[in-house]
Structure formats: structure tokens, C-alpha cells
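Visitor: The sequence shown: position 160 = 441 (our numbering), numbered continuously.
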Amino acid sequence: MPIYDADDIVEIKNRKKKKKQRVKFLIFLLVTAIAVCLYCTRDMWLSKMRGIGQQYKTIINSGQLADGNFPIEISGEYNYQLRQTQDKIIVLSDVNVCFYNSDGTLMRKRQHAYTNAVLRAASGKALIYEIGGNDFCVEDEEGILYKSHFDNNIMFARISSEGYTAVVTTSENYDCEIFVYDRKGNVIYERKCMEHVNDLSFINESDGCVISYIMAENGSLTTSVQKIIFTESTEKWTSPGIDTVGLDVFGYSDGAFVLGFDACGYVNENGQISSYYRYDGDIGGGASSDGMSAVIINNDDRRKYVMVLFSGGATEPLIIDLGQRAVDVAVHDKLAYVMCKEEIRAYDFSGKLRSKAAISDSYTGFVRSSEHIFLKGYNKIDRIDYES
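Here it is, written out as C-alpha cells:
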């Protein structure tokens, strides 16, 4: 058995200590190298890791119709209008405007005198005006909040989620005029337009709006967009013409989405066209919220029925083959809802089918609330519970 003196024992301990330190240092270098390698190759593996632990199955809703106060019968009316806002639904017929809560209980009903009335709803309020008429009003389930009369005819009107209202009228000396009202019915902005404005959308929490107008360029009709801030006298920008006849414009923080008759497109925050898509068939409807847009296109000749999704202004369109004719579409809470002849489906904007429910083919449209879907029949309104 070897004999060690005190110096030998100290030397042995030092060597063991140094060996442990070298091992720890090598482990540190190895972990650092792995971390650097993972960071440099993150584009290859990160997309595959997303969603692990958050996988979901498609939710199959029963589609069972609610009872109690449903269905809501619309006597003798098939051309009524249905809107939803803040857990209430509003129905406008040729004679009456009615407010219901989500359980179908009638909260208020009144007769109106409009001949060609249009209903819009937001912030718990209803905006009612007459195309070609001179009057409009804003009301809720308690009564009329304010109304106004114009000498010129009303072309259209819009209400924002903050409760502001914009009315576009004809004009004697200009193509049209815009009047913007605050929540109390005070005029806060007026604009005399040299262009024929065909739609308007509030932006920036109702600090401004985008307007669209149709013009002729090189022998064809195009749609241009302008951004307006209500505290400024001139527009922020005017976009080039998008090659389509615009139907609706939807403003959001990064620009605007134009839904057209045979094509659609985005305008970015600088007023330049950032994307364009031409339909392969007939438009069945379109919707947009916070820059996320969905368009349904029916091509009966080819038996091709699709929904096209756009997750933003500079993104490529995502085409969903529906397999049956599309009837109506909505965008709600970052999901695209589409009504087909026998089914309602919800897709996220990566194209995944999130939920669905079977329905009959007798409905012509729907509106989505946080918990329910209200189905528009020819002379009745049904409700189904719907989990996405």
C-alpha cells in the first residue's frame, strides 16, 4: 500500500478539482454549441414545434334549434334585415324595427315610416336610414337617441363600434357630402367630395375613416381608397385604382381591404396596393375584421365552391374547397364562418377546420354572437348554440 505525505494528498485533491472544472467547462461549451445550432436552424424546426401540446379536434356542434322564444316569427316578411350587437339582435322589416335579447325576448318594438329602409348596427345601437330619403335615426332598446333631416338625399350611412355615425348625401354643387356625428348626435366633421363615394369605414377608434370611390381609368372602372382623419382638412393619402368595381371597404390599422364585384385587394398604410385577387366565379359574399378577410366564390358551371382567406394585406390567399354552394360568410374573433347549404363551418386563418354544425337548407344567412349563431330563414329566425 503506497504511503502519501501531506503534499501528495494536496496535489491529488487539486488534480481532482481541476478535472471536475474541466468537465463542467466542456459541458458548458457543449450546451452553448447546441443552443447556437438550434438558434441558427430555428426556421427549420420552430414551425413544426408550434401547436405541440395545443392540438385540438374539430368541434362538432349539435345544430339543435333553440326553443322557448325561438323561432322568432316574422309575419308575412321574407325581405327583413337582421343584425347582431352586444348580445342583442335587431330586426328591421318593412313596417317595424324590433330589439330582442339573445334569448329571443322582445325588448322594444316600434313602427317606422321609411319606404326603402336600411339597418346597420354597432355598439348596441341601430342606425336606420332610407336610401334616397332625407331622414335617419340612431336608437337602442330604450328609444331613439337622435335623428336628423337633410335637404339632399341620403346615399348611405355607417355606424362605428364606438357609436359614431357617418352619413353620405347627394349634393347640388359636389358629387356628394359626408357628415360625421359623435355619440350624442353632434356633427364633428363635414366633407364635400368631388368623387362618387360608394362606401365608408371608420378607423382608429373613430378618429378617422377610409372611403372608397369608383372612377374610370383606361376605359375600365376601378376603385380607389382615401384615408381621412377628422381633425385634418386634407386626406392622408389616396390609393391607385384597384381593378374592380368596389362593393365594400373595410378599414383597419394597417390600411384597408376592398371587396369588389369580380376581385378584391388590399391597400397598405401608405396608400399603395399590396395585394390583388381576381375571382374564379361569382362572389357569394365577403367579410373582414381587423385586416382578416374572407370571400366566398361560387362557380356553378364548374361545380367549384370555395372560400378565400386573407390573414393580412401582404399575405398570399388561402383557398378552402367547400364542396357545396356557399350562402353567407362572417369574420368573428379571428375565425372565418361560412354557411353552406347544409352546414356552418368555422376555419382559422391557417385553413384549419375548427368547428361545424349541420343545418337545413332553408336559411338565407346568419349572424354570429359570442355564444350563438342566429339563422335567418325566409320568415323566421332560429338560434343554435355554437362552440368554436
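All C-beta atoms, glycine included, are put in the ideal place defined by N, C-alpha and C.
(1) How should Q507 be labelled, buried or exposed, when 16 other C-beta atoms within 10 angstroms of its C-beta is the threshold for buried?
(2) Let me know the secondary structure DSSP gives S487 once reduced to three states.
(3) Using alpha carbons as the reference points, say which of I469, V526, S493 and V548 lies closest to S514.
(4) Within 10 angstroms of the Cβ of G332, are there 16 or more other Cβ atoms? Answer buried if so, exposed if not.
(5) Please check the pair R635 and T339, which I expect to be a contact at CB under 8 Å, by giving their CB distance rounded to whole angstroms.
(6) Hey, could you find the ends of the beta strand (DSSP E) I412 is sitting in?
(7) Counting C-beta neighbours from all protein chains within 10 Å, is the total for E458 16 or more, i.e. buried, or is it exposed?
(8) Measure the alpha-carbon distance for F437 versus S641 and round it to whole angstroms.
(9) Please give the ranges of any beta strand (DSSP E) in the stretch 494 to 530, keeping only runs that are unbroken, at least 3 residues long and fully inside the region.
(10) Below 6 Å CB to CB, which residues in the same chain sit around T366 once its five sequence neighbours on both sides are set aside?
(11) Out of curiosity, what's the CA-to-CA distance linking D488 and E443?
(12) Exposed or buried, which one is N479 when buried takes at least 16 other CB atoms within 10 Å?
(13) Between G536, I577 and T503, which has its C-alpha nearest Y618's C-alpha?
(14) Looking only at C-alpha atoms, which of G500, I625 and N360 sits nearest to V376?
(15) Quick one: what does DSSP say I371 is sitting in, helix, strand or coil?
(16) First and last residue of the beta strand (DSSP E) that includes L540?
(17) Going by DSSP, name the residue or residues bridged to G546.
(18) Got a sec? Which residues, its chain only, sit under 8 Å from D432 by beta carbon, not counting five neighbours each side?
(19) Going by the beta-carbon positions, is the gap between S574 and F538 smaller than 8 Å?
(20) Just checking my contact of E471 with F460 at CB under 8 Å: how many whole Å lie between their CB atoms?
(21) Around the C-beta of Y410, are 16 or more other C-beta atoms found within 10 angstroms, so that it is buried, or is it exposed?
(22) Measure the C-alpha to C-alpha separation of M388 and I353 and round it to an integer number of angstroms.
(23) L241 by DSSP, collapsed to three states: which one?
(24) So for F431, helix, strand or coil by DSSP?
(25) If you draw a straight line from the alpha carbon of D384 to that of L656, how long is it in whole angstroms?
(26) I'd like to know whether the C-beta atoms of Y533 and I484 end up nearer to each other than 8 Å.
(27) Can you tell me whether DSSP reads N479 as helix, strand or coil?
(28) From M632 to A568, what does the alpha carbon distance come to, in whole angstroms?
(29) Between V530 and S555, which are expected to be in contact by the criterion C-beta below 8 Å, what is the C-beta distance as a whole number of angstroms?
(30) Identify, in the order they occur along the chain, each residue of the same chain with its Cβ nearer than 7 Å to the Cβ of Y490, setting aside the five sequence neighbours on each side.
(31) Should Y395 go down as buried or exposed, given a rule of 16 or more other Cβ atoms within 10 Å for buried?
(32) With DSSP run on the structure shown, which of helix, strand or coil describes K661?
(33) Between the C-alpha atoms of V526 and Q553, what's the straight-line distance to the nearest angstrom?
(34) Rounded to whole angstroms, what is the Cα-Cα separation between F351 and I662?
Guide: According to the structure shown:
(1) Position 226 of the sequence shown, counted from the start, is the residue given in the question as residue 507. Sixteen is the threshold: when 16 or more other Cβ atoms of the shown chains lie within 10 Å of the Cβ of Q507, as they do, the residue is buried.
(2) Mapped onto the sequence shown, residue 487 falls at position 206. Of the three classes helix, strand and coil, the one that applies to S487 here is helix, per DSSP.
(3) For the purposes of this step, residue 514 is taken as residue 233 along the sequence shown, with counting starting at 1. Taking only the C-alpha atoms, the option nearest S514 is I469.
(4) In the sequence shown, residue 332 corresponds to position 51, counting from 1. Model confidence at G332 stands at a pLDDT of 46, short of 50, so the residue's coordinates are unreliable and nothing is read from them.
(5) For this step, residue 635 is matched to residue 354 along the sequence shown. For this step, residue 339 is matched to residue 58 along the sequence shown. Their Cβ separation, rounded to whole angstroms, is 7 Å, which keeps R635 and T339 in contact under 8 Å.
(6) As a position in the sequence shown, residue 412 is number 131, starting the count at 1. Element bounds for I412: n/a, residue is neither H nor E.
(7) Mapped onto the sequence shown, residue 458 falls at position 177. That one is buried.
(8) Stepping through the sequence shown from its first residue, residue 437 is reached at position 156. Stepping through the sequence shown from its first residue, residue 641 is reached at position 360. For F437 and S641, the distance between alpha carbons rounds to 34 Å.
(9) Listed in chain order, they are 501 to 510.
(10) Locating residue 366 in the sequence shown gives position 85, where the first residue counts as 1. Within the same chain, and ignoring the five residues on either side of T366 in sequence, the residues whose Cβ sits closer than 6 Å to its Cβ are A402, A403 and G405.
(11) Within the sequence shown, numbered from 1, the residue matching residue 488 stands at position 207. Within the sequence shown, numbered from 1, the residue matching residue 443 stands at position 162. Roughly 10 Å between the two C-alpha positions.
(12) Here residue 479 refers to the residue found at position 198 when the sequence shown is read from its first residue. N479 comes out buried.
(13) Here residue 618 refers to the residue found at position 337 when the sequence shown is read from its first residue. Selected option, being the one with the closest Cα: I577.
(14) Reading the sequence shown from its first residue, position 95 is the one you call residue 376. Among G500, I625 and N360, the Cα nearest to that of V376 is on N360.
(15) In the sequence shown, the residue the question calls residue 371 occupies position 90. In the three-state reduction of the DSSP assignment, I371 falls in the strand class.
(16) The sequence position of residue 540 within the sequence shown is 259, counting from 1. Segment G536 to G541, the beta strand (DSSP E) holding L540.
(17) To locate residue 546, count along the sequence shown from 1; it is residue 265. G546 pairs with V539 and Y557.
(18) If you number the sequence shown from 1, residue 432 lands on position 151. Around D432: N415.
(19) One-based indexing of the sequence shown puts residue 574 at position 293. One-based indexing of the sequence shown puts residue 538 at position 257. Against a cut-off of 8 Å, the Cβ pair of F538 and S574 comes out as a contact.
(20) Here residue 471 corresponds to residue number 190 of the sequence shown, with the count starting at 1. Here residue 460 corresponds to residue number 179 of the sequence shown, with the count starting at 1. Correct: roughly 6 Å between the Cβ atoms.
(21) As a first step, residue 410 is located in the sequence shown; it is residue number 129 there, counting from the start. Buried, since its Cβ has 16 or more Cβ neighbours within 10 Å.
(22) By one-based count along the sequence shown, residue 388 stands at place 107. By one-based count along the sequence shown, residue 353 stands at place 72. Inter-residue distance for M388 and I353 is about 13 Å (C-alpha atoms, whole angstroms).
(23) Missing from the structure shown is residue 241; the chain here goes from 282 to 669 and no further.
(24) Within the sequence shown, residue 431 is the residue found at index 150, counting from 1. In the three-state DSSP reduction, F431 falls in the coil class, being neither helix nor strand.
(25) Here residue 384 is taken as the residue at index 103 of the sequence shown, counted from 1. Here residue 656 is taken as the residue at index 375 of the sequence shown, counted from 1. C-alpha separation (whole angstroms): 14 Å.
(26) Taking the first residue of the sequence shown as 1, we reach residue 533 at position 252. Taking the first residue of the sequence shown as 1, we reach residue 484 at position 203. A contact, by the Cβ cut-off of 8 Å.
(27) Here residue 479 refers to the residue found at position 198 of the sequence shown. Residue state for N479 is assigned as strand, using DSSP reduced to three classes.
(28) One-based indexing of the sequence shown puts residue 632 at position 351. One-based indexing of the sequence shown puts residue 568 at position 287. In the sequence on display, residue 632 carries Gly and not Met. Cα to Cα, the separation comes out at about 16 Å.
(29) Position 249 of the sequence shown holds residue 530. Position 274 of the sequence shown holds residue 555. About 15 Å; that fails the 8 Å criterion.
(30) Indexing the sequence shown from 1 puts residue 490 at position 209. In the sequence as presented, Tyr is not what sits at residue 490; that position holds Cys. Counting only Cβ-Cβ distances below 7 Å, and skipping sequence neighbours, we find A447, L481, S482, F483, I484, I509 and G532.
(31) To locate residue 395, count along the sequence shown from 1; it is residue 114. Buried, because 16 or more other Cβ atoms sit within 10 Å of the Cβ of Y395.
(32) Taking the sequence shown and counting its residues from 1, one reaches residue 661 at position 380. Looking at K661 - three-state DSSP - the assignment turns out to be strand.
(33) The residue you call residue 526 lines up with position 245 of the sequence shown. The residue you call residue 553 lines up with position 272 of the sequence shown. Cα to Cα, the separation comes out at about 18 Å.
(34) Working through the sequence shown from its first residue, we reach residue 351 at position 70. Working through the sequence shown from its first residue, we reach residue 662 at position 381. Going from the Cα of F351 to the Cα of I662 covers about 7 Å.
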